[in-house]
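One line per chain: the protein sequences are A and B, in this order.
Counting with my numbering, you get residues 2 to 119 for the letters of the first sequence.
Counting with my numbering, you get residues 520 to 706 for the letters of the second sequence.
Yeah, the Cβ is synthetic: ideal placement off N, Cα and C, and Gly gets one too.
The structure presented is a predicted model; accordingly, all values stated were derived computationally and were not measured.
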Amino acid sequence: MTDLPPSPLPRDPAYWDALAERVRNDAALPLAAYRAPEQEWYGWLSLRAPWLVAASAVAALALWLALPARSARDAAQWIEGSLTPNEAVGSLLGGAAPPSVEAMLAHFPPALEREGER
Amino acid sequence: MSDEKEQTDEELAGAAKRGDLTAYDVLVRRYLRPAMALAWQFTHSVADSEDIVQEAFHRTVRSLASYDESRAFSAWFYTIVRNVASTALTKAGRRASLAPLRPLDDVPEPEAKPPIDPDLAEDVDQALERLAPSQRACLHLCDIEGFTSVEAARMLGIDDATVRTHRRRALEKLRLLLDPEKGLLPQ
């Protein structure tokens, strides 16, 4: 059919060679990545099951984000527990309510009385 | 390189999937011109078609890991080309369909064909623009680019019979639009 317009695409073989070269160069790096990681389990997984690798990465990230929060909470509880007095006097003074006079007298006998005894 | 000719597209894609650059190069050379012809149906610009084809090959190589070698490489690849072209047209604010043929005033004359009468060429261009996009694409791929109806069907993602129907209707419409006395088209 000689009556229709000619192809709008270039006819020069050099044009196609140059375009093929550009496309090939663009692919060199990704293809090398396909080749190299075949021996490595991570590369193999990333090529065969990228969803699994992505899911693992997300899970690891979530764990990493969650761990510091839990550590801080544990640390706060540990500090609070460590600073709370657990002997008789400490418990008396560290309670939520003020200690009664009787309770204080039981632990702290009046100094005058003791001096008088001398 | 007789082995290259004997290797199917699927075998080459499988080898490329394992990092074989030579196999990928053969695929590129097989599919570069068809991909450009297909992209041109959307853009009607050689430069824009180059961008689409480069991006399509880029996506292809990045997606090779998910390519199923039991499926036809051509269908897979042409789907990528069409998707890239549609996305590019959408981004450019154009309707993502086969655009009308543009005037061919910047296209060099074919070496093996006699020069076309400028008046006649203008008539043909105008007639082509009045065809339905799918008819125009089938006619263009088969009768201007020289692909078979089977190849055009793969490129466009439609049945071979549909391509032949579109092409036949396109020729019938062109005959009506152009002066039949000039004998422009085959009867």
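The alpha helix (DSSP H) runs of length 4 or more contained entirely in the region 539-593 of chain B are, from start to end of the chain, 540-562 and 565-582. Distance from the Cα of ALA535 (chain B) is smallest, within the candidate group B:ARG552, B:MET555 and B:ALA584, for B:ALA584. Look at ARG12 (chain A) here: in three-state DSSP terms it is coil, with no helix or strand label. For ARG25 (chain A) and LEU696 (chain B), the gap between their C-alpha atoms comes out near 44 Å. Around MET555 (chain B), the beta-carbon contacts reaching into chain A at under 7 Å are LEU10.
With 16 or more neighbouring CB atoms inside 10 Å of its own CB, ILE663 (chain B) falls in the buried class. Boundaries of the alpha helix (DSSP H) around PRO652 (chain B): 652-658. Beta-carbon to beta-carbon, LEU660 (chain B) and ALA554 (chain B) are separated by about 12 Å, too far to satisfy the 8 Å threshold. Taken atom to atom, the span from the alpha-carbon of ALA29 (chain A) to that of LEU540 (chain B) is near 7 Å. Across the structure, HIS563 (chain B) and THR609 (chain B) are spaced so that their CA atoms are roughly 15 Å apart.
With a threshold of 9 Å between beta carbons, VAL54 (chain A) makes no contact with chain B. For the set B:ASP679, B:LEU675, B:GLY665 and B:SER593, the Cα lying nearest the Cα of THR527 (chain B) is the one of B:SER593.
For HIS685 (chain B), none of the residues of chain A pass the 9 Å Cβ criterion, the least Cβ distance being about 15 Å. Your pair HIS108 (chain A) and LEU93 (chain A) checks out as a contact, with CB atoms roughly 6 Å apart and the cut at 8 Å. The C-beta of LEU64 (chain A) has fewer than 16 other C-beta atoms within 10 Å across all chains shown, which makes the residue exposed. Within chain B, the residues placing a beta-carbon under 7 Å from that of PRO31 (chain A) are VAL580 and ARG581, ordered along the chain. Nearest neighbour of ASP567 (chain B) by Cα position, chosen from B:LEU650, B:ALA604 and B:GLY665, turns out to be B:ALA604. Rounded to whole angstroms, LEU551 (chain B) and PRO11 (chain A) show a C-alpha spacing of 12 Å. Closest in C-alpha terms to TYR597 (chain B), from the list B:VAL643, B:LEU546 and B:ALA611, comes B:LEU546. Using a Cβ-Cβ cut-off of 7 Å, GLY538 (chain B) is close to LEU32, ALA33, TYR35 and ARG36 of chain A, given in chain order.
Judged by DSSP secondary structure, ASP528 (chain B) falls within the alpha helix (DSSP H) whose first and last residues are 528-536. For ALA532 (chain B) against TYR586 (chain B), the beta-carbon gap comes to about 6 Å, under 8 Å, which counts as contact. Residue burial annotation: ARG581 (chain B) is exposed, with fewer than 16 other C-beta atoms found within 10 angstroms of its C-beta. ILE571 (chain B) does not reach chain A, its nearest Cβ partner there being about 12 Å away, counting only Cβ pairs nearer than 8 Å. In terms of Cβ geometry, GLN560 (chain B) and ALA656 (chain B) form a close pair [threshold 9 Å]. Shown here for VAL572 (chain B): same chain residues with a beta carbon closer than 6 Å to its own, the five before and five after excluded, namely ALA554, MET555 and ALA558 in chain order.
In this model, LEU62 (chain A) and ARG36 (chain A) are separated by some 28 Å (Cα to Cα). Proximity to GLU691 (chain B) across B:LEU650, B:PHE666, B:VAL669 and B:ILE677 peaks at B:LEU650, based on C-alpha coordinates. Closest in alpha carbon position to LEU5 (chain A), among B:GLU641, B:GLY612 and B:GLU525, is B:GLU641. For THR684 (chain B), the enclosing alpha helix (DSSP H) stretches over residues 679-696.
According to the DSSP assignment, SER668 (chain B) belongs to the alpha helix (DSSP H) that extends over 668-675.
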